[in-house]
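Chemist:
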Amino acid sequence: MAANLVKLQLVEQLSPLVIRVLGCNPSPMTLQGTNTYLIGKGNNRILLDAGQGVPDYIEELKNTMEKNKVQLQSILITHWHPDHIYGIKDVLKLVNQPNLPVYKRKLLEMPDKIKLETYGMPENPDTITNFTFIHNNNNEPFTIETEGAHLKSIYTPGHTTDHLCYWLDEE
Numbered sequence: 001m002a003a004n005l006v007k008l009q010l011v012e013q014l015s016p017l018v019i020r021v022l023g024c025n026p027s028p029m030t031l032q033g034t035n036t037y038l039i040g041k042g043n044n045r046i047l048l049d050a051g052q053g054v055p056d057y058i059e060e061l062k063n064t065m066e067k068n069k070v071q072l073q074s075i076l077i078t079h080w081h082p083d084h085i086y087g088i089k090d091v092l093k094l095v096n097q098p099n100l101p102v103y104k105r106k107l108l109e110m111p112d113k114i115k116l117e118t119y120g121m122p123e124n125p126d127t128i129t130n131f132t133f134i135h136n137n138n139n140e141p142f143t144i145e146t147e148g149a150h151l152k153s154i155y156t157p158g159h160t161t162d163h164l165c166y167w168l169d170e171e
């Protein structure tokens, strides 16, 4: 990992509507760690990305949710890489909600086998959990809201074929 990276707080309130929780997985690929975000201002929040399944991350997420007295309404996934989806099962277990909605765009094409093996991924990353797939037949935005926050997905292929960005209307 590059020695000259800015040190980021493990948990940081970035705005009145966004709390960042780092994934506790620093590396040359993830830099200070995968960014995940709790979005909203009420008791129910949306989690943007679920980390890599690192136990320290799950503990930090738990502590952050308890400190802020929040629970999860849903999880949004930006793309299929393991540092964004491998934590899903641990997050669902943490919140004791196995049927919590997890939204993701379906892969248009499978990554090559060598890349999947490098990441330690199954043959089809879309089988990691019971995703609710969005943006599948068109590029119409998917919108979701929680108290104080309205998010709109924007299909942005390039990094991966399923990559989505999210626009927070309030900011």
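Every letter in the sequence shown is one number past the one before it in full-length UniProt numbering, and letter 85, counting from 1, is 85.
Glycine included, every Cβ here is placed at the ideal spot set by N, Cα and C.
In this text the structure is predicted, and so the values were computed from the model without any measurement.
I think Ala149 touches Ile39, with their Cβ atoms under 8 angstroms apart; what is that distance to the nearest whole Å?
Modeler: Stepping through the sequence shown from its first residue, residue 149 is reached at position 149. Stepping through the sequence shown from its first residue, residue 39 is reached at position 39. Right, their Cβ atoms sit about 5 angstroms apart.
Chemist: Nearest to Pro111 by CA position, among Leu14, Pro82, Leu94 and Asn96, is which residue?
Modeler: One-based indexing of the sequence shown puts residue 111 at position 111. Nearest option by C-alpha distance: Pro82.
Chemist: To the nearest angstrom, report how far apart Met1 and Ile46 are at their CA atoms.
Modeler: Locating residue 1 in the sequence shown gives position 1, counting from the first residue. Locating residue 46 in the sequence shown gives position 46, counting from the first residue. Only weak support exists for where Met1 lies, its pLDDT of 49 falling under 50; the coordinates are left without a value.
Chemist: Check this for me: beta carbons of residue 210 and Glu123, under 8 angstroms apart or not?
Modeler: As displayed, the chain neither begins before 1 nor continues past 171, which places residue 210 out of reach and without an answer.
Chemist: Check Asn130 in the structure and name its three-state DSSP category.
Modeler: Taking the first residue of the sequence shown as 1, we reach residue 130 at position 130. The answer is coil: DSSP assigns Asn130 none of H, G, I, E or B.
Chemist: Across which residues does DSSP place His150 in a beta bridge pair?
Modeler: The residue given as residue 150 occupies position 150 in the sequence shown. Its beta-bridge partners are Glu145.
Chemist: DSSP puts Tyr57 in a beta bridge; with which residues?
Modeler: Your numbering for residue 57 matches position 57 in the sequence shown. Answer by DSSP bridge pairing: none, since Tyr57 is not bridged.
Chemist: Helix, strand or coil, according to DSSP, for Glu171 in the structure here?
Modeler: As a working note, residue 171 is residue 171 in the sequence shown. It is coil, neither helix nor strand.
Chemist: State buried or exposed for Trp80, treating a residue as buried only when at least 16 other CB atoms are found within 10 Å of its CB.
Modeler: Position 80 of the sequence shown, counted from the start, is the residue given in the question as residue 80. Buried is the call here.
Chemist: Do the region 50–68 and the region 152–159 meet, that is, are 3 or more Cβ pairs less than 8 angstroms apart?
Modeler: At 8 angstroms Cβ cutoff, the stretches do not touch.
Chemist: Enumerated in chain order, which unbroken segments of the alpha helix (DSSP H) with a length of 4 residues or greater are wholly contained in the region 38–121?
Modeler: Within the region 38–121, the complete alpha helix (DSSP H) runs of at least 4 residues are 55–67, 82–85, 88–94 and 113–119.
Chemist: Could you tell me the alpha carbon to alpha carbon distance between Ser27 and Glu140, rounded to whole angstroms?
Modeler: Locating residue 27 in the sequence shown gives position 27, where the first residue counts as 1. Locating residue 140 in the sequence shown gives position 140, where the first residue counts as 1. The alpha-carbon atoms of Ser27 and Glu140 are separated by roughly 35 angstroms.
Chemist: Enumerate in chain order the residues of its own chain whose CB-to-CB distance from Lys7 is below 8 angstroms, with the five nearest sequence positions on each side excluded.
Modeler: Residue mapping note: residue 7 aligns to position 7 of the sequence shown, counting from 1. Correct list, in chain order: Gln32.
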